[in-house]
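So the structure is just underneath, and the comments pick up after that.
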Amino acid sequence: MSTKAEAWRELAQQLRVDSIRCTTQVGSGHPTSSMSAADLLAVLFTDHLRYDFDDPGNPNNDHLLFSKGHAAPLLYSLFKAAGAITDAELLTTRHFGSRLQGHPTPAIPWVDVATGSLGHGLPIAVGIALAGKFIDKLPYRTWVLLGDSETAEGSVWEAISLAGHHSLDNLIGIIDVNRLGQRGPTLLEWDTRAYAQRIGAFGWHTIEIDGHDPVAIDQAYCEAGQQDRPTMIIAKTIKAKGFSEMEDKDGSHGKALSQGQAERAIAELGGRRSIVVPPAKPATNGGRPAHQCRPAELPRYEVGDQVATRQGYGDALKALGAARPNVVAIDAEVNNSTYSDAFANEFPDRFFEMYIAEQQMIGAAVGLSVRGYIPFASSFAAFLTRSYDFIRMAAVSQANIKLCGSHCGVSIGEDGPSQMGLEDISMMRAVFGSVVLYPSDANQAARLVAEMADHCGISYLRTTREKTPVIYSPDETFPIGGSKVVRRSAGDQATVVAAGVTLHEALTAHSQLAGEGIPIRVIDAYSVKPIDAGALRQAAADTAGRLVVAEDHWPEGGLGDAVLSAFANAPEPLPRVIKLAVSDLPGSGKPAQMIDAAGIGSRSIIEAVKRLL
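Residues in the sequence shown are numbered from 7 upward in steps of one, following the numbering used here.
The structure is reproduced here in structure tokens:
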């Protein structure tokens, strides 16, 4: 054991040296946070991680998430030690154009997800572990390196709670308890017993160790592999371990060592090394079978029926589940309202209840997407705001996740403003590469769910609580980026653009205005992002540049702003646009009352058209 322990120590020293070298070379980064965890990762890589760097897509590979993403220099040093990158590439860390960015991203093929926003790694790992235990049924393990500071994040405790509930014995967390955060001591400092008691209360197996004792680390990893529940290894470490000038010294977080400091540190650590120790490869047998998918038989609703778009979502999700074994669903304890219960009842082995933990819900969706599944995550639109940082980071991870926000806008009625999603379009439009869809009837909702499943990336569907008339044939198609002109004539004097519930208000306004001899065009902008700029520009040209946009959303960042963006940099003269949106804080009332009071109903649309004329 002494020979093996010495090999672990030597590798750990190399990792510390290389973390210093790459950060000093660029003049930025987090070497001290990397140095504290070097022993933990040296032992893991050498004897416990099962990973094939030549085949990162191997379904049997373990997963390693650096939730403390600022320790990226340590991760990149591990890649060098595995022989996956050269020393020359290591020294490009944080340089412009390098794939070794300041925090890890999937620009590197051995990185599953982007980290750096603290509190994300463990919730995502729960999703990966759920896939492994309940769907893949493969023996891979999911390892997560956490910083002690990030355990103050509520998302970490959502993950701890759910992992304990599901007895995820394939999930192993490692907390690098180095006592110091960015601006001083952490909440619990070196009180590893407090960590153990709190985490153990959620059903985890906990192990407290000296994080610089390689033998104790090895024993902890072996013990973790023998449990029937998740394990958290709580390792007491020293920040900047190995360089006496900076060990456990406040004020060093996120600061690269100067050239002189680096030279002294490297000398104290025993100099540069060139150890190459690739991890053992996983078993090559026992891979999961390929998913056999077929076209989904989507639900069909009769024109004229009254059906809520949220029901169209649920019914379509169930149809997708029957056609595609790689579709999974997640909800945050509202599946009887989002209608994802249709999927849950039919495919319980592919449905995961996250309870009221929206951050964990999105984290699990990202984790499931890592394993190649297509996750649909549903909650009230208003409550998705809690998870916005996870959605934002999912875009950085290039994750393929599908979100549905129900109960949007004032049209939900009596529940009042706390339940009204009125900022969700703005929120989702701002996500890099996102798609935002807003159906007005159940057939359209069902078709858009299928479009989301085929689209790679983050897509969001906004559904309405109340029943709305079915206006489209079930055979109608609705491509992402399109729109529908639902009323048109050669003499249209203005264009009304709407989506969802306000489309029906626009159709009522069209009928009333037609009776007064005022023909208008009505456009269903069901694809809010990307918006159908061509159709909008044509409508503006055809109707003398008169546009009214009506939306059940705050004025900022919603459909109205999406429509305006269609005219940015356009060669044509800019149209005159009236935006009708929810401008005052709503209260409670019947849906029709709320829509009218908000100034987004047919009466307000008619008045706006007449103002333009």
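Here a beta-carbon is modelled for each residue, glycine too, at the ideal position from N, C-alpha and C.
*asked:* I'd like to know whether the C-beta atoms of Gly-248 and Met-41 end up nearer to each other than 8 Å.
replied: yes
*Would you decide whether Met-7 is buried or exposed? Buried here means 16 or more other CB atoms lie within 10 Å of its CB.*
Only weak support is given to the placement of Met-7: the predicted model assigns it a pLDDT of 49, under 50, and the value that follows is read from those uncertain coordinates. Classification for Met-7: exposed.
*Is it true that the CB of Arg-471 sits closer than 8 Å to the CB of Ile-418?*
yes
*Could you pull out every residue in the same chain whose Cβ sits closer than 8 Å to the Cβ of Trp-196, ignoring the five residues on either side in sequence?*
Val-183, Arg-185 and Lys-242
*Which ranges would you report for the alpha helix (DSSP H) in the region 426-452 if only whole runs of at least 4 residues count?*
430-435
*Could you have a look at Glu-578 and say whether DSSP puts it in helix, strand or coil?*
coil
*Taking the Cβ atom as the reference point for each residue, do Gly-318 and Pro-485 lie within a distance shorter than 8 Å?*
no
*Residues sharing a beta bridge with Ile-418, DSSP*: None; Ile-418 has no bridge partner.
*Measuring alpha carbon to alpha carbon, tell me which of Gly-231, Ala-496, Lys-473 and Gln-499 ends up nearest Pro-597.*
Lys-473
_Please report the distance separating the alpha-carbon of Val-313 from that of Ala-383._
21 Å
*Can you give the Cα-Cα distance for Arg-279 and Gly-35, rounded to whole angstroms?*
21 Å
_According to DSSP, simplified to helix, strand and coil, what is Asp-182?_
strand
*Confirm, please, whether the CB-CB distance from Ala-370 to Gly-133 is below 8 Å.*
yes
*Since Gln-544 is in the alpha helix (DSSP H), which residue starts that stretch and which ends it?*
539-548
*Thinking C-alpha only, which one of Pro-236, Leu-84 and Gly-138 is nearest Trp-165?*
Looking at the sequence itself, residue 165 is Ala, so the reference to Trp does not match. When only C-alpha atoms are compared, the closest one is Pro-236.
*Beta carbon of Leu-570, beta carbon of Val-583: below 8 Å?*
yes
*Buried or exposed by the 16-neighbour rule on C-beta atoms within 10 Å, applied to Phe-438*: exposed
_Quick check: Arg-527 and Ala-576, are their CB atoms within less than 8 Å of each other?_
no
*Measure how close the beta-carbons of Ala-246 and Thr-38 come, nearest whole angstrom, since I'm counting them as under 8 Å.*
4 Å
_Integer Cβ distance of Pro-4 from Asp-118, believed to fall under 8 Å_ = The requested residue 4 is not part of the displayed model; the chain covers only 7 to 619.
*CA-CA distance, Gly-122 and Tyr-394?*
15 Å
*Classify Phe-51 as helix, strand or coil using the three-state DSSP reduction.*
helix
*Which of helix, strand or coil does DSSP assign to Ala-603?*
helix
*Taking all protein chains shown into account, do 16 or more other C-beta atoms lie within 10 angstroms of the C-beta of Lys-616, making it buried, or fewer, making it exposed?*
exposed
*asked:* Assuming contact is defined by CB atoms lying nearer than 8 Å, are Asp-68 and Arg-147 in contact in what I supplied?
replied: yes
*Test item: CB-CB of Leu-565 and Val-534 under 8 Å*: yes
_What residue range does the alpha helix (DSSP H) around Ser-343 cover?_
341-344
*Count the other C-beta atoms from every protein chain shown that fall within 10 angstroms of the C-beta of Val-442, then say buried if there are 16 or more, exposed otherwise.*
buried
*Quick one: which unbroken beta strand (DSSP E) runs of 3-plus residues sit fully inside the region 142-176? Chain order, please.*
148-153
*asked:* What would DSSP say about Asp-355, mapped onto helix, strand or coil?
replied: helix
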